[in-house]
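Peer 1:
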Amino acid sequence: MGAAVVSNRRWYLGAMSTAHTTFVPCLVKLLLLYAVLSILTVHCFGTNESVASRRHGRSVSNLPQPRDCTLSAWSSWSKCDPCQKKRYRFARLEQPSQFHGDPCDYSDKETEECVTNNPCRNKVRCEGFVCAVTGRCITRRLLCNGDDDCGDQSDEKNCKKVFKKCDQKMEQYWGIENLAKGLNIFTNNLEGLVLDHRYYAGGCSPHYIVDTRFRKPYNVESYTPETKGKYEFTMTEYDSYSNYESSVLKAKASQSSFSFGIKIPGVFELGYNSNDNRFKKFFQRMKRFSSTSSKFIHARSELAVAIYKLKPRALMLHYEFLQRLHQLPSEYSYGEYRELYRDYGTHYITEATVGGIYEYTLVMNSDELQKAGYSLSDVQKCAQHGFNIGASIFGVYLKLGITEAGCKSLLKEIGDSTSTKKYVEDFIVLVRGGASEHITTLAYKDLPTAALMQEWGDAVQYNPEIIRLKAEPLYQLVTPTDFANAITIKENLRRALDEFQLETSSCRCAPCHGNGIPFLQGDEALKRNGCLQENVT
Numbered sequence: 001m002g003a004a005v006v007s008n009r010r011w012y013l014g015a016m017s018t019a020h021t022t023f024v025p026c027l028v029k030l031l032l033l034y035a036v037l038s039i040l041t042v043h044c045f046g047t048n049e050s051v052a053s054r055r056h057g058r059s060v061s062n063l064p065q066p067r068d069c070t071l072s073a074w075s076s077w078s079k080c081d082p083c084q085k086k087r088y089r090f091a092r093l094e095q096p097s098q099f100h101g102d103p104c105d106y107s108d109k110e111t112e113e114c115v116t117n118n119p120c121r122n123k124v125r126c127e128g129f130v131c132a133v134t135g136r137c138i139t140r141r142l143l144c145n146g147d148d149d150c151g152d153q154s155d156e157k158n159c160k161k162v163f164k165k166c167d168q169k170m171e172q173y174w175g176i177e178n179l180a181k182g183l184n185i186f187t188n189n190l191e192g193l194v195l196d197h198r199y200y201a202g203g204c205s206p207h208y209i210v211d212t213r214f215r216k217p218y219n220v221e222s223y224t225p226e227t228k229g230k231y232e233f234t235m236t237e238y239d240s241y242s243n244y245e246s247s248v249l250k251a252k253a254s255q256s257s258f259s260f261g262i263k264i265p266g267v268f269e270l271g272y273n274s275n276d277n278r279f280k281k282f283f284q285r286m287k288r289f290s291s292t293s294s295k296f297i298h299a300r301s302e303l304a305v306a307i308y309k310l311k312p313r314a315l316m317l318h319y320e321f322l323q324r325l326h327q328l329p330s331e332y333s334y335g336e337y338r339e340l341y342r343d344y345g346t347h348y349i350t351e352a353t354v355g356g357i358y359e360y361t362l363v364m365n366s367d368e369l370q371k372a373g374y375s376l377s378d379v380q381k382c383a384q385h386g387f388n389i390g391a392s393i394f395g396v397y398l399k400l401g402i403t404e405a406g407c408k409s410l411l412k413e414i415g416d417s418t419s420t421k422k423y424v425e426d427f428i429v430l431v432r433g434g435a436s437e438h439i440t441t442l443a444y445k446d447l448p449t450a451a452l453m454q455e456w457g458d459a460v461q462y463n464p465e466i467i468r469l470k471a472e473p474l475y476q477l478v479t480p481t482d483f484a485n486a487i488t489i490k491e492n493l494r495r496a497l498d499e500f501q502l503e504t505s506s507c508r509c510a511p512c513h514g515n516g517i518p519f520l521q522g523d524e525a526l527k528r529n530g531c532l533q534e535n536v537t
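If you count by my numbering, then the sequence shown holds residues 1 to 537, one letter each, in order.
1. Across which residues does DSSP place residue 309 in a beta bridge pair?
2. Is the distance from the Cβ of residue 204 to the Cβ of residue 165 below 9 Å?
3. Per DSSP, which residues does residue 357 bridge with? Please list them.
4. Could you tell me whether the segment 358-369 touches the segment 465-476, using the rule of 3 or more Cβ pairs below 8 Å?
5. Under DSSP, the alpha helix (DSSP H) around residue 95 begins and ends at which residues?
6. Drop a sphere of 10 angstroms on the beta-carbon of residue 159, count the other beta-carbons inside from all chains shown, and report buried for 16 or more, exposed for fewer.
7. According to DSSP, simplified to helix, strand and coil, what is residue 215?
8. Starting from residue 233 and walking both ways along the beta strand (DSSP E), at which residues does that stretch end?
9. Between the alpha carbons of residue 272 and residue 445, how many angstroms are there, rounded?
10. For residue 106, count neighbouring C-beta atoms within 10 Å of its own C-beta (all shown protein chains included) and say buried if the count is 16 or more, exposed if not.
11. Could you say which of 215, 438 and 426 lies nearest to residue 292 if we only look at CA atoms?
12. I want to know whether the segment 367-379 touches the segment 309-322 - three or more CB-CB distances under 8 Å.
13. Under the three-state reduction of DSSP, which class applies to residue 391: helix, strand or coil?
14. Which word fits residue 140, buried or exposed, when buried means at least 16 other C-beta atoms lie within 10 angstroms of its C-beta?
15. Less than 8 Å between the CB atoms is what I'm expecting for residue 90 and residue 335, so what's the real figure, rounded?
16. If distances are taken between C-alpha atoms only, which option among 115, 202 and 233 comes closest to residue 447?
17. Which residues in the same chain as residue 99 place their Cβ atom closer than 7 Å to its Cβ, once the five residues preceding and following it in sequence are excluded?
18. So, are the CB atoms of residue 125 and residue 316 less than 9 Å apart?
19. In or out: residue 439 buried (at least 16 other Cβ within 10 Å) or exposed?
20. To which residues does DSSP link residue 88 through a beta bridge?
21. Would you mind working out which of 304, 355 and 297 sits nearest residue 365, comparing C-alpha positions?
22. If we count Cβ pairs, one from each stretch, closer than 8 Å, do we get three or more for the segment 190-207 versus the segment 142-161?
23. In angstroms with no decimal places, state the Cα-to-Cα distance between residue 411 and residue 216.
24. Shortest alpha-carbon distance to residue 112 belongs to which of 509, 86 and 381?
25. Please determine, among 145, 249 and 354, the residue with the shortest C-alpha to C-alpha distance to residue 538.
Structure representation (structure tokens):
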């Protein structure tokens, strides 16, 4: 019995000696096993506090050795699935590669064909039309209506006449494609499409936003335009890098603070993922000031374009996602369910605010400010008066205790890349929404102006990003409407989600050199099983 327990827990404890035959050593091992498992659970998943804040850093002088990726032994083969005529086995991640160790560049799941006499019972009877390729079941009133309701055009074939339900040109809602994607809440990555927002079920009533006509997808309950937060900046002072880092940088990192059991808050802000080049550049520039006495002013403006809300039930799934769900074995095999989470994320978006965020950081030389008799608050107020829409800095010194010439000197240093800097050590911008190289180029040069903010706001209108959202686990999309074995598949997905969080947790990473935050780099790194280091202290 002792050996069996060790085998089942080898990814927590590593190799252990074979079980003793005497009662006392066996009891000691079991107690030790229980203690280690308890420590791991409390350390990694006991609270909502982030893993990074609880992890002890590695000494700078103690350089880490390369850690090679290792996988567990293969699981036993599953039973032959009567619907897929296949059986499955998998391996779990035991240790991610780290510090330039060798990756696991081989498959962690295997499938082979098999034969069984057991009947397949996962088919749902369709009372309407069964689409030829996608297998989607649609009502017959949608045949030959000019829309691709099947997703494979089979509903529009062999039509004697096409009765177009919707013959007027209408646009898709801004940012609607991303809202149909699955979200990996452990990496902040948007993955494959799980909902079909190009399915309209014959609906054609136009939804006007300003002068533009939009066609509302069947899955969408509401898409309400917003105009909140335009050009309004919130500014915050930080007198040290550590304060700035803990408040700003760590909030943007893709570290998940969700506790074991996937209990997520009602509404949360979608942070950056580790592959986002915008965040990488911002992060690298800020990191240069980690060992300085610099002071920081962080400004942020949020522009909400629309509020999105999904229907609560009877959703039309994207046909590729639906097919993948139908390919899952009824008997639980973690490897197959894990692959679904890798490709489609862990959750789907039920509500969201889409728009843009414009933020920048002024890095100030604290020594020069002190010599000139300026406080960080003086600089903040001067900057506010300098870039606020329609504002003038004339006479600002009467209120701030800083001369007009001093204000102009500070503002000139921000936009002038040729002059020698005295007060402003750097000006770092991060823009989300309004995908435009032209706007990004202007933003990086100077404090925002009225013209730039107007141009950015117009671009955000047509290219918004997800700012905040509500989400539900993917397994909630499995219903008896599409699956005869919905209860089994849903429970398997729920079980796999718990295992997936365990396997992708940064608790598997060793402490990083220089007190960095370790994390598994999302989908790509998960396949390579690599653990990266981001130095944020």
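Think of the CB as a built atom: it goes at the ideal place given N, C-alpha and C, for glycine as much as any other residue.
Peer 2: Quick look at the numbers:
1. 222 and 351
2. yes
3. 302 and 432
4. Output reads no: the segment 465-476 does not touch the segment 358-369.
5. That residue, residue 95, is in no alpha helix (DSSP H); its beta strand (DSSP E) goes 93-95.
6. Here residue 159 is exposed, its C-beta having fewer than 16 other C-beta atoms within 10 Å.
7. Here residue 215 carries a strand assignment [DSSP, helix/strand/coil].
8. 233-238
9. If you take the alpha carbons of residue 272 and residue 445, they lie about 23 Å apart.
10. exposed
11. The shortest C-alpha separation from residue 292 is found at 426.
12. No, the segment 367-379 does not touch the segment 309-322.
13. Below a pLDDT of 50, predicted positions are generally treated as unreliable, and residue 391, at 45, falls in that range; the measurement from the model is reported next regardless. Note: residue 391 maps to coil in three-state DSSP.
14. exposed
15. 3 Å
16. 233
17. 64, 65, 66 and 67
18. no
19. With a threshold of 16 other beta carbon atoms within 10 Å, residue 439 meets it and is buried.
20. 111
21. 297
22. yes
23. 46 Å
24. 86
25. Outside the modelled stretch of the chain, which goes from 1 to 537, sits residue 538, for which no answer is possible.
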